[in-house]
Amino acid sequence: MSTIPDLATLHALGPAQQPTYPDQAAVDSAVAQLRTMPPLVFAGECDELKGKLAAVARGEAFLLQGGDCAETLAGVTADNVRNKLRVLLQMAVVLTYAASVPVVKVGRLAGQYAKPRSSDLETREGVTLPAYRGDAVNGFEFTPEARVPDPQRLVDVYNASAATLNLVRAFTTGGYADLRQVHTWNTDFVRESPVGQRYEEMAGEIERALTFMQAIGADPDEFHRVDFHSSHEALVLEYEHAMTRIDSRTDAPYDVSGHFVWIGERTRQLDNAHVELLSRIRNPIGVKLGPTTTPDDAIALAAKLNPHNEAGRLTFITRFGAGRIRDGLPPLVEKVKAAGLEVAWVCDPMHGNTFEASSGYKTRRFDDVIDEVQGFFDVHRSLGTWPGGVHVELTGDDVTECVGGGEELTDMDLSSRYESVCDPRLNRVQSLELAFLVAEMLRK
Ligand code: PEP
Ligand code: MN
């Protein structure tokens with residue numbers, strides 16, 4: 160059994176991106192409360208997901224991971240969760256058909272409430288306040304009161320995550336995820352939107368495949384329910400530590416706040432607290448790798464986080480930017496491959512492609528997102544490795560946060576429905592388009 164260092168030991172390492180709480184007694188009380196709360200996910204479910212990610216690492220499955228940049232407590236409504244889930248399920252059907260391998264479905268949800276920031280402070284019209292660090296830490300409202308970190312929010316996040324997961328479990332096993340139904344939503348998209356018409360041919364092929372299955376009387380369980388898993392960035396140490404428990408079956412520690420947790424680009428220092436904590440838990444885990452990552456960094460992270468070289472344990476989520484992936488990614492993949500390391504390679508085509516529009520909104524170009532995924536496929540194909548999946552920030556709603564796509568959203572459109580409290584997300588139509596375009600890449 161591997162032991163977990165206590166919180167004080169982790170904090171002594173000087174972890175980046177942690178809230179500065181004004182009142183330690185209030186922190187202790189929130190952590191004590193969290194430690195009594197039941198697990199949000201079970202260790203056995205984490206193991207199941209690890210098995211599926213092992214198939215991704217071997218090139219026998221494809222990962223679709225997506226959801227908000229930052230969930231909000233106010234966003235825990237039936238409509239919001241359902242719309243997000245629906246678009247992910249629609250994308251998964253298209254990708255499964257094209258990839259001809261299972262698609263592992265993982266939401267960035269039920270825990271994605273804490274954000275690393277490039278600056279501790281935010282200035283608006285001459286007023287400077289602490290930056291918003293996600294609803295797990297402080298309030299989005301630009302007032303001194305809202306921006307004070309409040310540890311009780313961690314308990315609120317736990318409750319919001321429990322409510323979200325409950326709904327997701329009900330939707331995915333209770334008939335909402337029925338394959339016929341999901342396919343009908345896709346054909347509606349193809350028929351009713353001018354953007355969708357470009358994808359008519361593939362939707363038609365899926366239609367014929369389903370009709371064939373029906374004709375021969377095939378109706379497996381998998382047509383009526385899906386496996387869906389939760390994930391978030393493991394950022395606030397108090398929360399992740401309090402949710403780390405010893406599994407009674409195996410005597411091993413699991414972070415039961417989500418099935419899959421990842422370490423962000425800003426907290427992946429080898430000798431610091433996030434890597435230390437996640438090296439001890441048995442969940443499948445990820446690390447974001449940006450353009451400053453050296454091949455040696457990747458090797459050292461794999462040695463520390465996956466010393467037994469277990470397939471499915473470690474996913475490298477690369478986020479280079481469309482302009483850098485074709486030059487930046489090959490040295491990492493080559494060295495990791497040469498070292499014989501078992502990792503799943505996944506492309507986050509969002510975080511290397513963010514810029515500020517002339518209107519002042521943070522945005523991303525749809526074409527850059529697609530170009531980075533294409534670059535990711537090109538690199539892996541040329542090196543003989545498997546492009547294992549995509550990690551995207553998206554919503555099921557018709558927001559206007561990323562520019563471009565078939566609807567040709569412009570800078571001027573951004574203000575009409577910009578709802579993200581952090582990074583810009585693909586909207587419903589852009590997400591479906593991405594799925595069809597990635598499907599075309601998978602088929603080539
Ligand atoms: C994120 O996933 O929202 C994020 C902050 O990513 P990264 O750590 O890659 O910057
Ligand atoms: Mn983000």
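Residues in the sequence shown are numbered from 160 upward in steps of one, following the working numbering.
Even glycine gets a Cβ: it sits at the ideal position worked out from N, Cα and C.
With a threshold of 8 Å on Cβ separation, who are the neighbours of residue i within its own chain once the five nearest residues in sequence on each side are excluded?
i	result
VAL119	Nothing in the structure corresponds to residue 119, since the chain is present only between 160 and 603.
VAL186	TYR180, PRO310 and GLU397
ALA598	VAL253, LEU254, TYR256, ALA257, ALA258 and MET361
LEU169	LEU396, HIS400, ALA432, GLU435 and LEU436
LYS494	PRO454, ASP455, ALA457 and ILE458
THR302	LEU288
ASP507	LYS447, ILE476, THR477, ARG478, VAL549, HIS550 and VAL551
What distance in whole Å lies between the Cβ atoms of residue j and residue i, which are believed to be in contact at a cut-off of 8 Å?
i	j	result
GLY293	LEU553	That belief does not hold up - the Cβ atoms of GLY293 and LEU553 are roughly 18 Å apart, past 8 Å.
ARG477	PHE387	Residue identity differs from the one stated: residue 477 is Thr in this sequence, not Arg. At roughly 24 Å, the Cβ-Cβ gap does not stay under 8 Å, so THR477 and PHE387 are not in contact.
LEU585	LEU573	Their Cβ separation, rounded to whole angstroms, is 14 Å, which puts LEU585 and LEU573 out of contact at 8 Å.
CYS581	ARG523	Incorrect: roughly 13 Å between the Cβ atoms, too far for contact.
SER390	VAL200	So it is not a contact: roughly 10 Å between Cβ atoms.
LEU437	ILE422	6 Å
LEU208	PHE419	6 Å
VAL505	VAL549	7 Å
Closer than 7 Å: is that where the CB of residue i sits relative to any heavy atom of ligand 2?
i	result
LEU469	It is worth fixing the name first, because residue 469 is Glu in this sequence and not Leu. No, the beta carbon of GLU469 sits no closer than 7 Å to any heavy atom of ligand 2.
GLU351	no
CYS581	yes
GLU397	no
GLU552	yes
When every heavy atom of ligand 1 is checked, does at least one fall within less than 7 Å of the C-beta of residue i?
i	result
GLY449	yes
CYS510	Per the sequence shown, residue 510 should be read as His rather than Cys. Checking every heavy atom of ligand 1 against the Cβ of HIS510, one is found closer than 7 Å.
PRO275	yes
CYS228	yes
GLU531	no
GLY555	no
VAL423	The sequence given here has Gly at residue 423, not Val. It does: the Cβ of GLY423 is within 7 Å (strictly closer) of some heavy atom of ligand 1.
ARG478	yes
ASP527	no
GLU578	no
ASP507	yes
GLU392	yes
Who are the Cβ neighbours of residue i in its own chain at under 7 Å, not counting the five residues just before and after it?
i	result
GLU219	VAL260
ARG602	ALA257
GLU578	VAL558
MET160	With a pLDDT of 46 at MET160, under the threshold of 50, the modelled position of this residue cannot be trusted; read the value that follows with caution. Closer than 7 Å at Cβ, skipping near neighbours: ASP410 and ALA411.
ASP527	ALA481 and ASN512
LEU324	LEU199, ALA269 and SER389
ALA167	none
VAL349	GLY355, GLN356, TYR358, GLU359 and ALA362
THR452	LEU491
ARG283	PHE301
TYR317	LEU193 and MET196
Apart from the five residues on each side of it in sequence, which residues of its chain come closer than 6 Å, Cβ to Cβ, to residue i?
i	result
VAL246	GLY555, ARG587 and SER590
ILE529	LEU596
MET402	ASP414, VAL415 and SER416
VAL395	ALA273 and ALA295
SER575	THR559
ARG306	LEU288, PRO289 and ASN297
LEU172	ASN431 and ALA432
GLN177	none
VAL262	PHE221, LEU223, ALA251, LEU254 and THR255
CYS205	TYR413, HIS418 and ASN442
Per the DSSP calculation, residue i is bridged to which residue(s)?
i	result
ARG561	Before going further, note that residue 561 is Cys rather than Arg in the sequence given. Partner(s): none; CYS561 has no beta bridge.
PRO583	BP columns for PRO583 are empty, so no partner.
ALA503	THR474
SER517	According to DSSP, which records beta bridges pairwise, SER517 is partnered with nothing at all.
VAL101	With the chain covering only 160 through 603, there is no way to say anything about residue 101.
THR403	ASP414
HIS388	VAL265
GLN224	VAL265 and HIS550
GLY445	TRP421 and THR474
PRO617	Because the chain spans 160 through 603 in this model, residue 617 falls outside it and cannot be assessed.
LEU568	GLY563
THR522	PHE514
Between the region 495 to 503 and the region 463 to 483, do three or more beta carbon pairs fall short of 8 Å? yes
Contact between the region 277 to 290 and the region 202 to 220 is defined here as three or more beta-carbon pairs at a separation below 8 Å; is this criterion met? no
On the three-pair Cβ rule with 8 Å, is the region 263 to 282 touching the region 357 to 364? no
Cβ pair count under 8 Å reaching 3, the region 513 to 520 against the region 451 to 467: no
Segment contact, 8 Å Cβ cut-off, at least three pairs: the region 223 to 238 with the region 478 to 491: no
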